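Just below is one structure, and these are the notes that go with it.
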Amino acid sequence: MSSSSTSPPSLNSIGDVNALFQTAKKYEELNVIGTGAYGTVYKARDLHNGGQIVAMKKVKVALTEDGIPLSTLREIALLRQLEAYRHPNIVRLLDVCHGGQSLERDQQLVLFLVFEHVEQDLESYLKRAPGPLSENRIRSMSYDILSGVDFLHSHRIVHRDLKPHNLLVTSSGRVKLADFGLAKTYDTEMKLTSVVVTLWYRPPEVLLGVSYNTAVDVWSSGCVLAQLHTRAPLLAGSCDSEQLHCIFRLIGRPAKHEWPQNVSIVVDSFPDYPPQDLADILPRVHPQALDLIKGMLVFDPAKRLTALDCLEHPYFTDHAPH
Amino acid sequence: MPYWYYDKKDLLNTPSFRDGILNEAENRYRKEGARFIIDTGSKMDLGYNTVATGVVYFHRFYMFHSFRTFPRYITACCCLFLAGKVEETPKKCKDIIKVAKSLLTEQKFGIFGEDPKEEVMTLERILLQTIKFDLQVEHPYGYLLKYAKCLKGDKAKLQKMVQMAWTFVNDSLCTTLCLQWEPEVIAVALMFLAGKLSKFDVVDWNGRIPKHNAWWDMFVEDITMELLEDICHQVLDLYSPQTQQTGSDSPPNQPPAKQPKNEKKPSVTPPTSASPIAVVSKPVLTPIKNGADIKIEPPKVDMRFSYPAYPPLYPPMYNAPPPAIPAPRLPIPPGPPIIPYSEPPPANRFPPVNVPPPNYYAGMPARPLPPRGPIPPGPPPPRPYYPPP
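From first to last, the protein sequence lines stand for chains X and C. Numbered per this note's numbering, the first sequence spans residues 1 to 322. Numbered per this note's numbering, the second sequence spans residues 323 to 711.
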């Protein structure tokens with residue numbers, strides 16, 4: 001008890017503050033799982049929890065004159081709050097900590113978001129699948145994805161970047177959404193790497209650069225749902241304009257009155273593609289599944305199904321997957 | 323996920339206590355820190371939610387650190403600063419410090435050192451780590467209003483009761499109740515207290531079903547009378563002069579074990595400090611600014627002096643005069659030596675949060691809450707239980 005007989009210290013005089021809060025003490029980094037556009041995800045061992053394996057996401061936050069930006073705090077607060085619901089289709093956020101300022105006077109803070117570690121993502125799951133997934137597996141995975149998206153939307157979170165790479169597949173085959181909720185934090189800092197962001201799941205409104213909302217996630221989910229059937233991306237463009245061509249070749253070029261205003265690209269710059277029958281592209285797929293995906297891949301975001309609409313679609317309700 | 327509720331024995335064996343600060347003194351520091359956050363926040367026109375969030379951060383922080391290591395007024399400023407950002411009512415750090423300076427004596431402000439802003443900003447990261455980035459905090463206010471909407475009876479009397487309950491919730495921030503009970507439970511208890519004191523007898527309410535004995539059964543199950551009384555007493559004790567007598571003005575630099583004289587004879591009269599912060603011997607009743615859309619106004623000041631006039635509802639629990647010798651301490655559990663700035667205990671020290679927010683998706687079973695320590699002298703109260711919607 002007598003170990004602290006010093007006078008109350010000035011915080012500035014304690015040079016060791018950062019060191020004492022180093023995450024390295026709690027987590028042992030094992031290897032890099034992935035490098036995204038905004039940061040690196042490590043596989044790590046939680047030394048305080050019996051060596052449990054976790055996924056640690058490192059995010060660099062630029063400090064302002066008044067410390068940690070409000071938007072970052074709000075986003076972390078919301079992620080923490082969401083965690084209390086323990087939604088089965090959302091990856092568990094186990095801990096948040098910071099690694100201190102990397103250098104004295106360096107105006108950035110390294111945050112670590114510690115998530116449960118899920119062995120594989122949907123991308124590798126589909127690659128490794130020896131053959132087509134069973135109808136029931138596809139339906140249950142589709143439902144999982146849409147449940148997670150609906151949960152986020154009901155908390156006013158737009159994922160913005162849904163793709164097989166950040167959909168995690170647990171050993172029991174459940175799907176969990178990851179990598180969301182930090183959009184504003186990402187926006188306020190420079191990109192850490194020059195990793196090319198995949199365009200395949202981007203909806204037309206994002207590619208055209210107009211305002212967007214929760215409907216973007218429904219589009220992306222629609223692309224993923226189609227991929228569950230074929231195990232290949234539905235719309236694999238290599239650049240923004242080619243991605244739009246891919247989209248219009250599938251759903252048809254929108255009519256002039258549907259084309260959003262204030263877009264630099266004019267509708268006539270695309271050939272007048274007629275809409276294709278989704279059944280031709282997704283052969284042997286359940287007609288209700290086709291109908292659902294069709295409703296998700298609608299050009300006008302306002303006419304697209306919502307995530308809740310999707311969950312109530314006969315494809316699920318007629319079969320009661322859960 | 324961190325779990326933020328503690329048994330009474332945990333609240334006695336705090337880092338400050340293990341650091342040689344008596345419980346009575348710690349309670350006083352907590353009260354003064356909370357009071358200071360309320361005063362600073364009110365002066366800066368911050369809403370009740372921001373102020374309450376700041377106070378909860380403050381109480382949680384000192385479950386992991388000693389008042390000797392972290393001076394309470396700096397921590398208080400930092401808590402308010404962070405709460406402002408989280409509740410989207412941000413205030414500049416330098417403005418908070420300016421108000422703090424106006425509220426504190428020169429001597430007390432001296433602890434902020436040469437560069438007060440840097441002190442507070444440095445602490446922000448320690449605070450965030452200590453409260454584990456668990457930034458969103460719920461408060462009893464919203465529940466008060468929700469419950470009031472269901473109660474039947476004379477409108478004016480109901481309004482008066484809610485105003486009184488609102489004040490009790492404000493004042494409860496100066497206690498450690500937010501470390502003991504969920505906001506729902508505190509709201510029920512303090513509405514119950516306000517009902518008793520304002521003679522508003524709730525006989526009927528919307529949504530009543532035969533198995534309900536009291537209105538709160540509709541919202542929180544298994545609340546016992548012992549639990550309600552215990553919570554009410556903790557708030558009422560704030561108004562009793564005896565609770566304000568112990569503890570030195572600031573944590574001693576040496577543990578009292580080495581300076582027994584300091585603690586042997588607690589002063590009989592409340593401290594008479596010139597600082598407005600230290601004057602706690604009058605009832606601590608300051609309304610916190612209300613939300614614009616809430617019609618219920620904070621109680622008028624003339625209510626404050628009426629509290630002591632009410633006879634206690636039941637024998638007071640711990641208003642005995644301070645003992646002449648230091649109260650026997652709880653045995654200190656063997657463990658690593660206490661080091662300032664020590665890493666907070668791992669999150670799994672407590673069971674995970676057991677009160678899920680209102681269920682978003684159906685089919686989630688409501689989990690039973692763990693039993694809590696007994697409230698002397700009665701049997702342990704069963705934990706309240708939130709029925710699924």
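We treat Cβ as the ideally placed atom computed from N, Cα and C, and that holds for glycine. Values in this document were obtained by computation on a predicted structure and should not be read as measured data.
Rounded straight-line distance, which links the Cα of residue j to that of residue i
i: H555/C; j: C496/C; result: 13 angstroms
i: Y379/C; j: I396/C; result: 13 angstroms
i: S134/X; j: E116/X; result: 27 angstroms
i: D95/X; j: G39/X; result: 17 angstroms
i: L473/C; j: N528/C; result: 6 angstroms
i: M366/C; j: L225/X; result: 52 angstroms
i: T64/X; j: R137/X; result: 47 angstroms
i: M540/C; j: V507/C; result: 12 angstroms
i: L445/C; j: A183/X; result: 26 angstroms
i: A374/C; j: I453/C; result: 15 angstroms
i: I545/C; j: K533/C; result: 14 angstroms
i: R382/C; j: T489/C; result: 22 angstroms
i: F299/X; j: V149/X; result: 19 angstroms
i: P393/C; j: Y561/C; result: 25 angstroms
i: A44/X; j: I251/X; result: 44 angstroms
i: H153/X; j: N89/X; result: 13 angstroms
i: P638/C; j: V557/C; result: Only weak support is given to the placement of P638/C: the predicted model assigns it a pLDDT of 32, under 50, and the value that follows is read from those uncertain coordinates. Looking at the two C-alpha atoms, the distance is approximately 12 angstroms.
i: F514/C; j: L333/C; result: 25 angstroms
i: Q502/C; j: Y327/C; result: 5 angstroms
i: L449/C; j: C399/C; result: 11 angstroms
i: S269/X; j: A302/X; result: 24 angstroms
i: K176/X; j: V263/X; result: 35 angstroms
i: F112/X; j: V41/X; result: 9 angstroms
i: V421/C; j: F431/C; result: 11 angstroms
i: G99/X; j: I76/X; result: 16 angstroms
Other residues of its chain near residue i: CB distance less than 7 angstroms, five sequence neighbours each side excluded
i: L402/C; result: I359, T362, G363, G376, I418
i: W219/X; result: P203, M296, L297, R304
i: P505/C; result: E460, H461, P462, Y465
i: V206/X; result: Y212, V216
i: H319/X; result: R139
i: L228/X; result: L133, I138, M141, S142
i: L282/X; result: A226, H229, T230, L290
i: L146/X; result: S221, A307, C310, L311
i: P668/C; result: Residue placement at P668/C is flagged as unreliable, the pLDDT there being 37, under the threshold of 50; the coordinate-derived value follows with that caveat. Once the five neighbours on either side are set aside, P668/C has no close Cβ partner at all.
i: E123/X; result: P164, H165
Cut-off 6 angstroms between Cβ atoms - residues of its own chain near residue i, not counting five sequence neighbours on either side
i: M483/C; result: A516, G517, S520, F522
i: P438/C; result: I419
i: E441/C; result: I396, F434, G435
i: L320/C; result: Here chain C has residues from 323 to 711 only, and residue 320/C is not among them.
i: K479/C; result: F522
i: N371/C; result: E409
i: K604/C; result: Summary for K604/C: the model assigns pLDDT 39, below 50, so the residue's position carries little reliability; its value from the coordinates is reported in the next sentence. Result list for K604/C: empty, nothing under 6 angstroms.
i: S338/C; result: E348, S388, F389
Cut-off 8 angstroms between Cβ atoms - residues of its own chain near residue i, not counting five sequence neighbours on either side
i: L78/X; result: H155, I157, G181
i: K413/C; result: M366, L368, L402, F403, G406
i: H313/X; result: Q288, D291, L292, G295, L305
Proximal residues of chain C, C-beta to C-beta of residue i below 9 angstroms
i: R156/X; result: Correct list: empty, because the minimum Cβ distance to chain C is about 13 angstroms.
Contacts that residue i makes with chain X (C-beta to C-beta distance below 7 angstroms)
i: C740/C; result: In this structure chain C extends from 323 to 711, so residue 740/C is not present and cannot be described.
i: M443/C; result: G67
Check: residue i C-beta below 8 angstroms from any heavy atom of the ligand MG
i: L177/X; result: Inclusion of the ligand MG in the displayed structure is not the case, the ligand content being empty and no account of it being possible.
Chain-ordered neighbours of residue i on chain C, where CB pairs are closer than 8 angstroms
i: I145/X; result: Within chain C, no residue comes near I145/X; the closest Cβ sits about 15 angstroms away, beyond 8 angstroms.
i: H98/X; result: R447, L450, Q451
i: R174/X; result: Neighbours of R174/X on chain C: none; closest Cβ ~14 angstroms, over 8 angstroms.
Closer than 7 angstroms at the beta carbon, the chain C residues around residue i
i: D121/X; result: By Cβ distance, chain C contributes nothing, its closest Cβ being about 23 angstroms from D121/X, past 7 angstroms.
i: I90/X; result: What I90/X touches in chain C: nothing, since even the nearest Cβ is about 11 angstroms away.
### Query
For the segment 140-191 of chain X, which segments carrying the beta strand (DSSP E) assignment without a break, of at least 3 residues, lie completely within its bounds, in sequence order?
167-169, 175-177
### Query
Unbroken alpha helix (DSSP H) runs of length 4 or more, entirely within the segment 213-277 of chain X: which are they?
215-230, 240-251
### Residues of the segment 445-463 of chain C whose Cβ lies closer than 8 angstroms to any Cβ of chain X, in chain order
L445, E446, R447, I448, L450, Q451, K454, F455, D456, L457, Q458
### Task
Can you check the segment 473-498 of chain C for any alpha helix (DSSP H) of at least 4 residues that lies completely inside it and give the ranges in chain order?
List check, alpha helix (DSSP H) in window: 477-494.
### Query
Can you list, in chain order, the residues of the segment 405-418 of chain C whose Cβ is nearer than 8 angstroms to any Cβ on chain X?
K407, V408, E410, P412, K414, C415
#### Entry: Chain-ordered residues of the segment 507-533 of chain C with a beta carbon less than 9 angstroms from chain X
Correct list: empty, as no residue qualifies.
### Message
Extract the residue ranges of the alpha helix (DSSP H) inside the segment 333-387 of chain C, only unbroken runs of 4 or more that lie entirely within it.
### Response
337-340, 345-365, 370-383
### Length at least 3, wholly inside the segment 25-91 of chain X: the beta strand (DSSP E) runs in chain order
27-35, 40-46, 52-62
#### Entry: Residues in the segment 299-321 of chain X having any Cβ partner in chain C nearer than 9 angstroms
Of all residues in the segment 299-321 of chain X, none has a Cβ within less than 9 angstroms of some Cβ in chain C.
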